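Going down the list, the sequences are from chains D and B.
Numbering-wise (this note's numbering), the first sequence opens with residue 1 and increments by one.
Numbering-wise (this note's numbering), the second sequence opens with residue 389 and increments by one.
Read the structure below first, then the notes.
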Amino acid sequence: MKQLSLLFTFVISLSWPLHAADLSEHLAKLKAVGPEGKGNSEAAAAWSEITSGPAASIVTILEAMDGSSPLSMNWMRSAAEAILEKEKVSGSELPSDELQAFLLNRENDPKARYLAYDFLVEIAPEDTSSLVPDMIDDPSPPLRRVAVAELIAQGRSQLSTSDQAATTLQAALDAARDVDQINEIAKLLREDLEKSVDLPTQFGFLMRWHLIAPFDNTDREGFDHVYPPEENVDLNAAYEGKDGKEVRWETYATSDDYGMVDFNQPFSPLKEVTGYAYTEFQSDGEQEVELRLGCKNAWKIWLNGKLLFGRDEYHRGIRIDQYTLPVTLKPGRNTLLVKACQNEQEQDWTVQWEFQLRVCDSTGAAVLSTDRQPTPKPEEKARRRSAE
Amino acid sequence: MKSFLLCLSFLTLASISQADWLSFRGPQGSGYAEEIKSLPKSLSNESISWKAALPGRGLSSPVIVGDKLFVTAASGPDQKQLHILCFNRNSGEPIWERRFWATGRTMAHKKTNVAAPTPASDGERVYALYSSNDLICVDLEGNLIWLRGLTLDYPNASNSLGMASSPIIAGDTLVAQIENDSESFAAGFDLLTGENKWKLDRPKAANWTSPTVLKVGDDEVVALQSSKGVLGVVPATGSPIFNFEKGASTVPSSVASGDRLYIPSNGLTVLTIADDGSEPSEIWNESTQRPGTASPLVIDDTLYLLNNAGVLTASNIDTGERRWRIRLKGPFSGSPVAGRDPFLYIVNEAGIVQVVDLSGEEGIVASELELGETILSTPSLSDGAIYVRSDSSLWKLSKR
């Protein structure tokens, strides 16, 4: 039986180089899928070929994920998992050493590395658990999440037995990138240990703005209407607003933990209106960041005068990081303009006229303006005065 | 060539067993499958043939093809991991699983989730849609056939409360309603490639209803329901056949039976569609017969409606005249289903499966079974069995 197994391994090893060349071609088909279903047929044929391959091809598939589109990533992920599923059933030796090496190389794609971790948890759980503590500063958010979860658990266990809990939980907070974990840690620090936590800075919310409102949004037409702030932001200008009333820019600072910019505070709850919020962000160099917005009103956003995206949905919900917009900041001053439209609905859950915006990197770590001011205190909230 | 196509059609038809449950609410989305028999009247803990663990949340119903059962789920932080799972429906043993990263938005109201739409099958493949607008086709063995990321293609097509409309297959087209307040559309997709066959702009309004297939003469027509009414389209082209413009609900879906369409509109409105495709004519409307979240059910000459108070009403399909009504244990998020035997099956949000015996002058609750978990989904049926899923479990219930 052993001889048969050796023979089988020998045959596989002979055929592997040939398969490896084919594999590269097949993976190219998965990488080539495009919008609206383009390339699906070719990808399906390639997927079928790839999944007939040996376990050794799993790491090659993970390597191919680097730089691939989200759709291609899914083609590759399902192929790798199908091979793993098949090879586990057949009892083949699985490439745990190669997977571990792939996982530990932080240059590899973050999602692919988490997949390698996920596979290792399944096939070599004891070897994998020892790797977790070192993931606390990992550039892959899901891997970092695993390590943060361990630290949170450790901090919790120390709450009643050790004075190390604050140190442990602060380390967890410093490392955390996911909103739910940050909130969990902040709650423990604040409520159990009476420590202060500056959540707006932790998240990178933009807290100080200039607001102008109300412009008209009767029949929801304000969303498409171009009001003067969209053409030029002049903080000293006065414009004709809704019903012919003069409107001017006002300074506004929020002290909300989650950076909520609430138009209802300075302007009172209004219906069928449009407002604008303007702020500046100083960047210490050209850098790729993400603008992450939450808003339950119709909204548009401009960076340095360029419209990034707009969405005309009203009162279906809001959450942190509801919309993610990858952008490039230029060195120095960057301008941000947000348009928020309130509609005609009268239900009590349609009162909100607000948004929250933060700047972070692709992992969710806050990117702060070089001239960021201290987080406003509650008494500064909703200051209403002329920008002049 | 023609004989080859005929042969292919025969093979396709042959692969679909009459007792399969291929989409949300079974055949043509009606909730009623007269081919399915031997369903249990009396449910108890002894009726649980098996219970399997699921890796993530879901409101979708299981889909059944032969001995295989397919169900979707979503897991992880923000439900960004999508699952298609295949089980042996007889034993409950897992057969295969495919996982994907969501490519669209996964935000949803806490009562719903990303795996809300029920997949559809043509007997050869399974087509799974998620609230993230990921649309995935696999064959019955789990081989990936095609993928679409509809939010990648149409960036404003999403609903921050979550999408829930289930796709349906008519002829050789998969029809899905991706309807919301912003980039709202319906589309027909090629079953083999996933490419658009057609795409229609739809009313800009959130809509959780599912398309329904009805017969018009010898042809199939897909009814697309929305707040504006119901648009009937040719499944292969999206060309309009009829347009009912008196408004309709955006939660419970219409049901087709014979040449009629029962629409949750101004209470309930019943239309008949002429064979020549001319505008539909209204048979009756009853404003007091207002379905709640559950979609209506038609069995033979009776219409069953479940309102938001948990009252099940049976009415004459020709006149709307009420025959009887009983109060069930609500509230309900799922819809009722039935097979050939005179029993209606519905599960309330508390996880109580209720069997209503329809054989007498009035309906009576024949039995109940507490599954002990929150259940917001619609059951699926196959010969001799009822399949129910929660956010964490999948059950097979059958006679003992």
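We treat Cβ as the ideally placed atom computed from N, Cα and C, and that holds for glycine.
All values reported here derive from a predicted model rather than from experimental measurement.
Taking C-beta pairs closer than 8 Å, name the residues in chain D that residue i reaches, listed in chain order.
i: E583 of chain B; result: E36, G37, K38, N40
i: T491 of chain B; result: P70, L71, N74
Since residue i and residue j are thought to touch, with beta carbons under 8 Å apart, how far apart are those beta carbons, to the nearest angstrom?
i: P133 of chain D; j: E150 of chain D; result: 7 Å
i: Y775 of chain B; j: S781 of chain B; result: Their Cβ separation, rounded to whole angstroms, is 11 Å, which puts Y775 of chain B and S781 of chain B out of contact at 8 Å.
i: E42 of chain D; j: A32 of chain D; result: 7 Å
i: P482 of chain B; j: S786 of chain B; result: At roughly 19 Å, the Cβ-Cβ gap does not stay under 8 Å, so P482 of chain B and S786 of chain B are not in contact.
i: A366 of chain D; j: G259 of chain D; result: Not really, about 11 Å apart at Cβ, beyond 8 Å.
i: R335 of chain B; j: E344 of chain D; result: This structure gives no information on residue 335 of chain B, because the portion of chain B shown stretches from 389 to 788.
i: K498 of chain B; j: L764 of chain B; result: With a Cβ gap of about 11 Å, K498 of chain B and L764 of chain B do not count as contacting.
i: Q282 of chain D; j: D371 of chain D; result: 5 Å
i: R319 of chain D; j: A594 of chain B; result: Wrong, their Cβ atoms sit about 17 Å apart, outside the cutoff.
i: A393 of chain D; j: C295 of chain D; result: Any question about residue 393 of chain D goes unanswered here, given that chain D covers just 1 to 388.
i: K592 of chain B; j: D569 of chain B; result: 6 Å
i: A186 of chain D; j: V273 of chain D; result: Not a contact, Cβ separation roughly 34 Å.
Please list, in chain order, the chain B residues whose beta carbon lies closer than 9 Å to that of residue i.
i: E81 of chain D; result: E485, R486, R487
i: Q322 of chain D; result: R493, M495, S548
i: K111 of chain D; result: W489
i: E344 of chain D; result: Those do not exist, as E344 of chain D stays about 13 Å from chain B at its closest Cβ, beyond 9 Å.
Return the CA-CA distance between residue i and residue j, expressed in angstroms with no decimal places.
i: G310 of chain D; j: L532 of chain B; result: 34 Å
i: A175 of chain D; j: V148 of chain D; result: 7 Å
i: E811 of chain B; j: I734 of chain B; result: Any question about residue 811 of chain B goes unanswered here, given that chain B covers just 389 to 788.
i: E750 of chain B; j: L732 of chain B; result: 13 Å
i: A516 of chain B; j: G444 of chain B; result: 15 Å
i: V502 of chain B; j: R248 of chain D; result: 43 Å
i: G550 of chain B; j: L169 of chain D; result: 34 Å
i: A45 of chain D; j: P507 of chain B; result: 23 Å
i: L685 of chain B; j: P724 of chain B; result: 7 Å
i: G305 of chain D; j: P652 of chain B; result: 47 Å
i: G414 of chain B; j: I424 of chain B; result: 10 Å
i: E313 of chain D; j: F355 of chain D; result: 13 Å
i: T254 of chain D; j: Q342 of chain D; result: 19 Å
i: G417 of chain B; j: V197 of chain D; result: 52 Å
i: P222 of chain D; j: P505 of chain B; result: The question names Pro, but residue 222 of chain D is Gly in the sequence shown. Distance between the alpha carbons of G222 of chain D and P505 of chain B: 34 Å.
i: S268 of chain D; j: F475 of chain B; result: 56 Å
i: G155 of chain D; j: S598 of chain B; result: 47 Å
i: G772 of chain B; j: S426 of chain B; result: 5 Å
i: S92 of chain D; j: G739 of chain B; result: 42 Å
i: S669 of chain B; j: L656 of chain B; result: 14 Å
i: P628 of chain B; j: F720 of chain B; result: 34 Å
i: H19 of chain D; j: S72 of chain D; result: 20 Å
i: A545 of chain B; j: V743 of chain B; result: 39 Å
i: K468 of chain B; j: F488 of chain B; result: 8 Å
i: S755 of chain B; j: S432 of chain B; result: 8 Å
i: E230 of chain D; j: A277 of chain D; result: 11 Å
i: D22 of chain D; j: I83 of chain D; result: 16 Å
i: N478 of chain B; j: G511 of chain B; result: 18 Å
i: A461 of chain B; j: W534 of chain B; result: 19 Å
i: E583 of chain B; j: A552 of chain B; result: 21 Å
i: K195 of chain D; j: D262 of chain D; result: 27 Å
Interface residues of chain B around residue i at Cβ under 7 Å?
i: Y314 of chain D; result: D569
i: R319 of chain D; result: M495
i: A44 of chain D; result: L532, I533, W534
i: R106 of chain D; result: Result: empty, since nearest Cβ-Cβ is about 20 Å, beyond 7 Å.
i: R311 of chain D; result: N544, S570
i: D178 of chain D; result: P465
By the criterion of Cβ-Cβ separation under 7 Å, what are the contact partners of residue i in chain D?
i: G444 of chain B; result: Under the 7 Å cutoff, chain D gives no residues; its nearest Cβ is about 14 Å from G444 of chain B.
i: P623 of chain B; result: Simply none; closest approach about 18 Å.
i: G537 of chain B; result: P70, L71
If the cut is a Cβ gap below 8 Å, which residues of chain B does residue i touch?
i: R77 of chain D; result: R487, F488, W489
i: S48 of chain D; result: N531
Runs of beta strand (DSSP E) wholly within the segment 601-646 of chain B (minimum 3 residues, chain order): 607-614, 617-621, 628-632, 643-645
Is it true that the segment 237-247 of chain D meets the segment 176-186 of chain D, where meeting means three or more beta-carbon pairs spaced less than 8 Å apart? no
Report yes or no: do three or more beta-carbon pairs, one from the segment 704-714 of chain B and one from the segment 616-624 of chain B, lie closer than 8 Å? Contact between the segment 704-714 of chain B and the segment 616-624 of chain B is absent, because fewer than three Cβ pairs lie under 8 Å.
Does the segment 559-577 of chain B come within contact of the segment 516-527 of chain B, defined as at least 3 CB pairs closer than 8 Å? Between the segment 559-577 of chain B and the segment 516-527 of chain B, the count of C-beta pairs closer than 8 Å reaches three or more; the two stretches touch.
Any beta strand (DSSP E) of 3 or more consecutive residues that is wholly inside the segment 403-476 of chain B: Taken in chain order, the complete beta strand (DSSP E) segments of 3 residues or longer contained in the segment 403-476 of chain B are 436-441, 451-453, 456-463, 469-476.
Please list the segments of the alpha helix (DSSP H) lying wholly inside the segment 65-125 of chain D, counting only runs of 4 or more residues, in order along the chain. Taken in chain order, the complete alpha helix (DSSP H) segments of 4 or more residues contained in the segment 65-125 of chain D are 70-90, 96-104, 110-123.
Is there contact between the segment 56-67 of chain D and the segment 607-614 of chain B, where contact requires at least three CB pairs shorter than 8 Å? no
Unbroken alpha helix (DSSP H) runs of length 4 or more, entirely within the segment 495-568 of chain B: which are they? 538-541
Restricting to runs no shorter than 3 residues, where is the beta strand (DSSP E) found entirely within the segment 291-327 of chain D? 298-303, 306-311
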